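Working notes for the structure below.
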Amino acid sequence: MFWHQEIETLHRPALDALQLERLRETVRRLERVPFYRGKFLKTGIQPEDIKSAADIRRLPFTTAADLRENYPDGLLAVAREEVLRLHTSSGTTGKPKALFFSRRDVDTAAELIARAVCMTGVTRRDVFQNMMSYGLFTGGLVMHYGAEKVGCLVIPAGPGTSERQLLLMQDFRTTVIHILPSYALYFADFLEKKGIDPRKNLALRKAFVGAEPHTEETRRKIEEALGLDVYNSYGLTEMNGPGVAFECEGKCGMHLWEDNFVLEIIHPATGEPVDDGQTGELVLTSINREAMPLLRYRTRDLTSIIPGPCACGRTHRRIHRITGRSDDMLIVRGVNIFPQQIERVLMAMPQIGRNYVIQLEGLDDMTVKVELSPAGFDGEVGHLTELQNQVAEKLRAEIWIRPKVELVACGSLPVAEGKAKRVIDKRSL
Ligand code: ADP
Ligand code: ZN
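Per my numbering, residue 217 is the first one in the sequence shown, and the count goes up by one each step.
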């Protein structure tokens with residue numbers, strides 16, 4: 217199902233031409249922003265110099281630090297009265313990153329979500345419960361308006377307590393949820409403990425899951441536990457929030473809306489492009505924004521382009537699920553480790569539950585604390601030790617070091633209000 221079939225299946229040469237035209241227009245727009253004007257003057261680049269897709273490499277990168285340094289409104293490209301909405305991204309330390317939307321930007325963001333919603337087979341007959349936080353975080357409002365555009369009944373549940381979420385699901389027969397993967401796992405435990413079988417007692421059929429890294433194994437675990445189809449949803453505040461890239465019903469990578477974003481994958485250290493299929497850092501240029509377009513934004517998210525056409529007929533290229541953030545990488549005893557590698561191992565083991573945390577202490581000691589699944593412990597302590605060793609061995613095979621493994625009771629690890637915090641680094645390095 218298509219929201220805007222013509223643009224979603226636009227013949228590739230026409231899509232490339234549209235990108236180029238919008239890129240030039242964006243550079244023209246950015247000549248008004250002192251930060252970019254300074255950079256253009258330095259290299260002497262003019263909008264007319266952008267003649268082919270490869271010319272994007274003549275434009276400067278923008279980083280998260282640039283956004284912070286220009287906080288609050290240094291990168292605004294329109295007059296203040298043109299601005300309709302502000303979102304910020306959390307930012308763990310110091311100033312947040314602020315992003316502005318014009319009226320057209322608000323509408324475009326909803327449009328991109330509407331495409332994503334339809335692409336997964338959701339229609340106006342669906343009841344859409346948005347379990348993401350409303351407010352400065354984009355996961356609430358941006359997704360909300362997109363689902364409303366399609367005509368779903370949208371329930372702005374926010375990240376309320378699980379009891380309340382369940383009540384809404386039961387009373388209004390919710391069919392689609394938008395939820396953090398970490399919360400989906402927690403919520404599945406909650407239902408299990410209450411003796412609720414989602415397949416029998418609820419009307420859920422689809423979940424949009426995103427905003428934090430997760431693995432294919434986690435998707436499968438959520439699908440099994442909640443009895444629904446899970447679609448991967450990727451976005452970031454700097455590029456509108458959710459709706460940048462989204463899976464179609466094929467669930468084989470996320471279509472990135474190339475009429476709105478120019479996509480590059482670069483080697484994080486050299487900045488040079490990598491080949492299709494190779495993993496690198498995703499760099500995005502917003503070419504259809506008015507209030508605050510960004511050139512070659514370094515997302516720090518690691519992914520690759522999936523070569524070849526998709527069976528659904530959409531011509532916008534697909535990216536692989538995010539395998540980590542370049543700044544998420546842990547170096548433990550000289551070995552590079554991504555938390556997702558650990559998650560992949562844990563979530564593939566049926567005896568293992570749905571919550572875990574990676575703790576780093578002392579000089580370089582790694583402990584993986586993980587919950588048992590509700591049926592994972594039969595009361596035999598010997599079996600527990602055996603399982604602990606099994607987990608440690610499987611992790612060693614994946615990450616090359618053997619961490620200490622602590623098995624804890626289901627539901628005993630803390631659950632964050634927003635995005636999960638999987639790594640606690642207390643090393644005295
Ligand atoms: P913050 O940078 O503070 O987390 P955002 O809410 O803008 O703020 O989060 C965007 C980031 O969330 C992305 O850059 C990416 O790292 C992560 N993210 C979003 N969607 C996904 C997804 N589907 N898979 C993996 N990571 C995701
Ligand atoms: Zn597709």
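Just so it is clear, CB atoms sit at the ideal spot from N, CA and C, and this is done for glycine as well. All figures in this text were calculated on a predicted structure; none of them were measured in a lab.
I'd like to check one pair, L510 with T519: are the Cβ atoms closer than 8 Å? no
So, are the CB atoms of I574 and P555 less than 8 Å apart? In contact: I574 and P555 (Cβ atoms closer than 8 Å).
Extent of the continuous alpha helix (DSSP H) run through P458: Unbroken run through P458 is the beta strand (DSSP E), 457-463; no alpha helix (DSSP H).
Closest by CA to T434, which one among R516, P566, E463, V499? P566
When the Cα atoms are used, what is the spatial distance from S305 to L352? Straight-line spacing of the CA atoms in S305 and L352 works out to 7 Å.
Assumed close pair R643, G578 - CB separation to whole angstroms, cut-off 8 Å: 7 Å
Tell me whether C334 counts as near ligand 2, meaning its Cβ is closer than 7 Å to at least one heavy atom of that ligand. no
For a minimum of 3 consecutive residues, which ranges assigned as the beta strand (DSSP E) are wholly contained in the segment 539-588? 546-548, 551-553, 568-577, 581-588
Helix or strand or just coil, what does DSSP make of F477? strand
Which of the three DSSP states, helix, strand or coil, is assigned to P263? Residue state, collapsed to three classes: helix.
Can you tell me which of the three DSSP states G290 falls into? It is coil, neither helix nor strand.
Starting from E497, follow its DSSP beta bridges and name the residues at the other end. Beta bridge pairing from DSSP links E497 with I482, L518.
Would you grab the beta carbon distance between P429 and I538 for me? Rounded to a whole angstrom, and I think it's under 8 Å. 5 Å
Coil, strand or helix - K642 by DSSP: Coil, per DSSP.
With a threshold of 7 Å (Cβ to nearest heavy atom), would N448 be considered close to ligand 1? yes
Thinking just about the alpha-carbon of each residue, which of L226, M217, W219 is nearest to the one in D475? L226
Write down the C-beta distance between A423 and T391 rounded to the nearest angstrom, noting that I regard them as a contact closer than 8 Å. No, A423 and T391 are not in contact; Cβ-Cβ is about 10 Å, not under 8 Å.
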